[in-house]
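Asker: Here you go, one structure.
Number of protein chains: 6
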Amino acid sequence: MELSARNQLPASVKDVRMGEVMAQVVLELAGGGELVAAITRDSAERLGLQPGKRVLAVVKATEVMVALP
Amino acid sequence: MELSARNQLPASVKDVRMGEVMAQVVLELAGGGELVAAITRDSAERLGLQPGKRVLAVVKATEVMVALP
Amino acid sequence: MELSARNQLPASVKDVRMGEVMAQVVLELAGGGELVAAITRDSAERLGLQPGKRVLAVVKATEVMVALP
Amino acid sequence: MELSARNQLPASVKDVRMGEVMAQVVLELAGGGELVAAITRDSAERLGLQPGKRVLAVVKATEVMVALP
Amino acid sequence: MELSARNQLPASVKDVRMGEVMAQVVLELAGGGELVAAITRDSAERLGLQPGKRVLAVVKATEVMVALP
Amino acid sequence: MELSARNQLPASVKDVRMGEVMAQVVLELAGGGELVAAITRDSAERLGLQPGKRVLAVVKATEVMVALP
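Here it is, written out as structure tokens:
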């Protein structure tokens, strides 16, 4: 599958916390730094996410904000 | 300002393309890799975004997806 | 690529309108009905979107609202 | 109420799972196929969502991605 | 139509700027303050948005961030 | 930090409900009216959100919809 969302950053799963409906997935970016994803628990289970697993963090361009430090 | 969105990645502006309403900002992440942001043209102008400027890429956790490569 | 966003609806491109930064893509769902996507022009070009092309409409679960008619 | 979000697909509720804060609502589209929505539990309760209920799935155009299969 | 998005703030249109694909709509909240919406140009035209028109600003709860000033 | 998201409304926290992964934060806008935010529980804890706390509600322009009442 080739996706319109161009923002695809290589990462590995650092931590997964499961709620009843949502799951919080902490990702360690290959380039350094962390990214937190809140996805449905069903999706986290279907993808078999667990610490160490290599994944991509995907973000639609319209969801990225820019800030001055 | 301290923001609930924890995802804040250091980056520098690589390219800005202005449309009538929206602007596309290509960011070069400090850790490597690119991220594209689609924000309003007004915001891009207000922040004075131009190539080389150091910024943060900010993303709300609920907007991050995870994919298996 | 296997994506956490489970919402993937088969569709065909009905119309593409290019702006300077964004593109509007009208999709005809295989099951009937239309869906409009606003993606970056760069993504629309990279995917080679044009009328008749078979695609998937992809939506993250946290972006879907529910309404009573 | 007439909404700027043009993407409104007729559906019926197939399943609702309640968490403490969020609810996962599985929708069966009238045209075929499923769509999963993650909305607040409060909203799911306020709308009285339960299996069989006829609803609309609503998505803002900027939230729809396009993928090549 | 009753919508799962509970966030519906009374406002009036202050300004509309049309691009090829997107429109920027500046809203003046009844309670004071401004809110900027980026919606498709088609939606802005279909709703007949123009200065002075009374509308609702609608936001899904998962899209609202919180910041400390 | 100066953010591209121009939509920043002064508010005070009215209620916080914690789930395992997500938190629902009810905000009372300074100008009147309520806004509900669904953010990660981690962010709600990190910001020390509790009733009475003065905050900003922040929303990206691409996430704001417009409706006719």
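Protein chains in written order, with the working numbering: chain D, 1229 to 1297; chain Y, 1229 to 1297; chain E, 1229 to 1297; chain B, 1229 to 1297; chain F, 1229 to 1297; chain P, 1229 to 1297.
Quick reminder that beta carbons are idealized off the backbone N, C-alpha and C, glycines included.
Which of helix, strand or coil does DSSP assign to Arg1274 (chain E)?
Answerer: Sequence index remark: in the third sequence, residue 1274 (chain E) carries index 46 (1-based). Arg1274 (chain E) falls in the helix class under three-state DSSP.
Asker: Is there a Cβ from chain B that is less than 9 Å from the Cβ of Gly1259 (chain E)?
Answerer: Your numbering for residue 1259 (chain E) matches position 31 in the third sequence. It does; some Cβ of chain B falls within 9 Å.
Asker: Are there 16 or more other CB atoms within 10 angstroms of the CB of Glu1291 (chain D), so buried, or fewer, so exposed?
Answerer: On the first sequence, residue 1291 (chain D) is found 63 positions in, with the first residue counted as 1. Flag for Glu1291 (chain D) reads buried.
Asker: Taking Lys1281 (chain Y) as the reference, which of Y:Gly1247, Y:Glu1230, Y:Ala1233 and Y:Ala1258 has the closest Cα?
Answerer: The residue labelled residue 1281 (chain Y) in the question sits at position 53 within the second sequence. The candidate whose alpha carbon is nearest that of Lys1281 (chain Y) is Y:Ala1258.
Asker: How big is the Cα-Cα spacing for Leu1296 (chain Y) and Ala1266 (chain D)?
Answerer: The residue given as residue 1296 (chain Y) occupies position 68 in the second sequence. The residue given as residue 1266 (chain D) occupies position 38 in the first sequence. If I take the Cα positions, the gap works out to 16 Å.
Asker: Who are the Cβ neighbours of Val1241 (chain F) in its own chain at under 7 Å, not counting the five residues just before and after it?
Answerer: Here the question's residue 1241 (chain F) lines up with position 13 in the fifth sequence. For Val1241 (chain F), where only same-chain residues beyond five positions count, the Cβ hits under 7 Å are Val1253, Leu1255, Leu1277, Gln1278, Pro1279, Gly1280, Lys1281 and Val1283.
Asker: Using the beta-carbon of each residue, which ones in chain P are nearer than 9 Å to Glu1262 (chain Y)?
Answerer: As a working note, residue 1262 (chain Y) is residue 34 in the second sequence. In chain order: nothing, as chain P lies at least about 17 Å away.
Asker: With a cut-off of 9 Å, does the C-beta of Glu1230 (chain Y) fall near any C-beta of chain P?
Answerer: The sequence position of residue 1230 (chain Y) within the second sequence is 2, counting from 1. Chain P, which has a Cβ nearer than 9 Å to the Cβ of Glu1230 (chain Y), makes this yes.
Asker: Can you check which of these residues, Y:Thr1268, Y:Asp1270 and Y:Ala1285, is closest to Gly1260 (chain Y) by C-alpha distance?
Answerer: Position 32 of the second sequence holds residue 1260 (chain Y). The candidate whose alpha carbon is nearest that of Gly1260 (chain Y) is Y:Ala1285.
Asker: With the cut-off set at 9 Å, would you say Arg1234 (chain E) and Ser1271 (chain D) are in Cβ contact?
Answerer: Your numbering for residue 1234 (chain E) matches position 6 in the third sequence. Your numbering for residue 1271 (chain D) matches position 43 in the first sequence. Going by C-beta atoms, Arg1234 (chain E) is nearer than 9 Å to Ser1271 (chain D).
Asker: List, in chain order, every chain F residue whose beta-carbon is nearer than 8 Å to that of Glu1273 (chain Y).
Answerer: For the purposes of this step, residue 1273 (chain Y) is taken as residue 45 along the second sequence, with counting starting at 1. Here the premise fails: no neighbours, minimum Cβ distance about 12 Å.
Asker: Can you grab the Cα-Cα spacing for the pair Leu1263 (chain E) / Val1287 (chain E), in whole Å?
Answerer: On the third sequence, residue 1263 (chain E) is found 35 positions in, with the first residue counted as 1. On the third sequence, residue 1287 (chain E) is found 59 positions in, with the first residue counted as 1. The alpha-carbon atoms of Leu1263 (chain E) and Val1287 (chain E) are separated by roughly 11 Å.
Asker: Among Y:Ala1251, Y:Glu1230 and Y:Met1229, which has the Cα closest to the Cα of Ala1289 (chain D)?
Answerer: Here residue 1289 (chain D) is taken as the residue at index 61 of the first sequence, counted from 1. Comparing Cα positions, the closest option is Y:Ala1251.
Asker: Does the beta carbon of Arg1282 (chain F) sit closer than 9 Å to a beta carbon anywhere in chain Y?
Answerer: The residue given as residue 1282 (chain F) occupies position 54 in the fifth sequence. Not one chain Y Cβ lies under 9 Å of Arg1282 (chain F).
Asker: Return helix, strand or coil for Arg1269 (chain F), following the three-state DSSP convention.
Answerer: For the purposes of this step, residue 1269 (chain F) is taken as residue 41 along the fifth sequence, with counting starting at 1. The answer is helix: DSSP assigns Arg1269 (chain F) an H, G or I state.
Asker: Identify each residue in the segment 1240-1252 of chain B for which the Cβ-Cβ distance to at least one residue of chain E is less than 9 Å, and report them in chain order.
Answerer: Of all residues in the segment 1240-1252 of chain B, Val1241, Met1250 and Gln1252 have a Cβ within less than 9 Å of some Cβ in chain E.
Asker: Can you check which of these residues, D:Leu1237, D:Val1294 and D:Pro1238, is closest to Arg1274 (chain Y) by C-alpha distance?
Answerer: As a working note, residue 1274 (chain Y) is residue 46 in the second sequence. Considering only alpha carbons, the answer is D:Val1294.
Asker: Answer with yes or no whether the minimum CB distance from Ala1266 (chain E) to chain F is below 9 Å.
Answerer: Taking the third sequence and counting its residues from 1, one reaches residue 1266 (chain E) at position 38. Yes, contact with chain F.
Asker: What residue range does the beta strand (DSSP E) around Ala1295 (chain P) cover?
Answerer: Residue 1295 (chain P) sits at position 67 when you count from the first residue of the sixth sequence. Looking at the DSSP string, the run of the beta strand (DSSP E) that includes Ala1295 (chain P) is Met1293 to Leu1296.
Asker: So, at 6 Å on beta carbons, what are the nonlocal neighbours of Leu1237 (chain B) in its own chain, with the 5 sequence-adjacent residues on each side left out?
Answerer: Indexing the fourth sequence from 1 puts residue 1237 (chain B) at position 9. Within the same chain, Leu1237 (chain B) has close Cβ partners Leu1257 and Ala1285.
Asker: Please return the same chain residues whose Cβ sits closer than 7 Å to the Cβ of Asp1243 (chain F), not counting the five positions on each side in sequence.
Answerer: Position 15 of the fifth sequence holds residue 1243 (chain F). Same-chain partners within the cutoff: Val1254 and Pro1279.
Asker: Between the alpha carbons of Glu1248 (chain Y) and Glu1248 (chain E), how many angstroms are there, rounded?
Answerer: Against the second sequence, residue 1248 (chain Y) aligns to sequence position 20. Against the third sequence, residue 1248 (chain E) aligns to sequence position 20. Rounded to the nearest angstrom, the two C-alpha atoms are 8 Å apart.
Asker: I need the boundaries of the beta strand (DSSP E) containing Arg1245 (chain E), first residue and last residue.
Answerer: Stepping through the third sequence from its first residue, residue 1245 (chain E) is reached at position 17. Counting along the chain, the beta strand (DSSP E) containing Arg1245 (chain E) begins and ends at Asn1235 to Met1246.
Asker: Strictly below 9 Å CB to CB, what residues from chain E border Val1186 (chain D)?
Answerer: As displayed, chain D neither begins before 1229 nor continues past 1297, which places residue 1186 (chain D) out of reach and without an answer.
Asker: Since Ala1289 (chain F) meets chain B, which of its residues come closer than 8 Å, beta carbon to beta carbon?
Answerer: Here residue 1289 (chain F) is taken as the residue at index 61 of the fifth sequence, counted from 1. The answer, in chain order, is Ile1267, Thr1268 and Ser1271.
Asker: To the nearest angstrom, report how far apart Glu1300 (chain D) and Leu1231 (chain P) are at their CA atoms.
Answerer: Since the first and last residues shown for chain D are 1229 and 1297, residue 1300 (chain D) lies out of range.
Asker: Short of 8 Å in beta carbon distance, which residues of its chain neighbour Thr1268 (chain D), apart from the five on each side in sequence? Order them along the chain.
Answerer: Taking the first residue of the first sequence as 1, we reach residue 1268 (chain D) at position 40. Correct list, in chain order: Val1249, Met1250 and Ala1251.
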